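Before any comments, here is the structure.
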Amino acid sequence: MPGCLECSRPNKPSLVGLRDFYEEGETVTFNWTSTTNTTHYNLVIELRNDDGSYRVIYRKNYAASGEVVSFGEGYYRASVQSYNSNCWEADGSDWVHIISDYSYFQVNKPVNPPVLIPLSGAAINSQTRQITGLTAGGTTATFEQNCVTVSGGSLEYEYPTAKQVMGTGTKVKVYDVEQQLVDTYTVVIFGDIDGDSWYDGTDAYFVSLVANGLISQSAWTAAQLAACDANHDGNIDAADVALIERAGLLLNDIDQTASHEELETNSVYLEYCSLIDQTVEIIEPDQPAEPAEPRPAAQNILAWFRNLFIIVLNWIYRIFNLQTA
Ligand SMILES: [Ca+2]
Ligand SMILES: [Ca+2]
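Now the structure itself:
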């Protein structure tokens, strides 16, 4: 009797938890809701043909929820059948059964994660996650045009100063095509401690604080400490301070608002850049620079006043230059 037959028919199952997209070779787990009047389930998976029709590429009778299958690239649809093998359909063609709605999903080739590619002298240290080899006074635009590019992703930046330039401490964040953060690097401009991308008397003062033991190295970031060693000899000392001061005097004659193209033809800028080599590899963090021998307190105080005097002199010089420009 039909009424009796419908009483014995399972209720409709549903596939649950499937995503819309998978990568080729990734395992796909097929779970479904349990149904009444059911003796067993069959799982059927079909691949879409070029003409839009589907063909069965996987079928498992007496399957259990939790079946795991992996696929090649393509468009798929899956369904699950709930069967009651105690009764037959009215026409005797099959046992009483019901089929779920289709669940559709796509399988794609794996996408390679984005990578930074150094160009034009830029270098990426995979251990320290630091980027070096950039020229002083660089902007985000020059960084993306001339220094480093990204493959299969996008970049975002976090700047240490409001100037938004590629100074020491600038974070370069690499995102994949799904906008997931996959890597973060930090820019190091040797000699630039405060992150404005230039090295001058202010930076020399900061380096002197470290060199003279007036501030703990732990107060600085790894990028700032790397930048302190302007002459790349592994020590942060008076030689670095002197080198940065010397460059700072040249900086007074450089228009810091000039374009990168203008700077490249400026002889003072080229001399300024040549003073501190930006292409030397950074010292790894597990091989920290030897801390400078602490000086006697009186000597430290004298050095502090000396550097303060240099900064004041530097600013007076700049103000004078601005007024006479
Ligand atoms: Ca600086
Ligand atoms: Ca040094």
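Note that the sequence shown ends on residue 339 in this note's numbering; no numbers are left out. Glycine included, each C-beta is placed from N, C-alpha and C at the ideal position. Bear in mind the structure is a predicted one, so any value in this text is a computation, not a measurement.
(message) Report the start-end ranges of each alpha helix (DSSP H) in the segment 109-173 that is 4 residues or longer and not cut off at the edges.
(response) none
(message) Extract the residue ranges of the beta strand (DSSP E) inside the segment 79-114, only unbroken runs of 3 or more that lie entirely within it.
(response) 81-84, 88-102, 109-113
(message) Tell me the rounded alpha-carbon separation between F44 and V94.
(response) 9 angstroms
(request) Taking the CB atoms as reference points, tell me whether V282 and L257 lie closer together than 7 angstroms. (result) no
(request) Have a look at T142, T175, Y76 and flag the residue whose alpha-carbon is nearest the alpha-carbon of V58. (result) Y76
(request) Can you tell me which of the three DSSP states E60 falls into? (result) strand
(message) Considering only DSSP beta bridges, list what H274 is partnered with.
(response) DSSP lists no partner for H274.
(message) Which residue marks the beginning of the alpha helix (DSSP H) containing E259, and which one marks its end?
(response) 252-265
(message) Let me make sure I understand the geometry here. Which of I290, N160, C161 has the alpha-carbon closest to that of A218?
(response) I290
(message) Strictly by DSSP, which residues pair up with R35?
(response) Going by the sequence as given, residue 35 is Phe instead of Arg. Bridge partners of F35: Q120.
(message) Which of the three DSSP states is assigned to L19 in this structure?
(response) helix
(message) When you measure from the CB of D254 to every non-hydrogen atom of ligand 2, does any distance come out below 6 angstroms?
(response) yes
(message) Can you tell me whether D269 sits near ligand 1, meaning its C-beta is under 6 angstroms from at least one heavy atom of the ligand?
(response) no
(message) Less than 7 angstroms between the C-beta atoms of G227 and D206, yes or no?
(response) no
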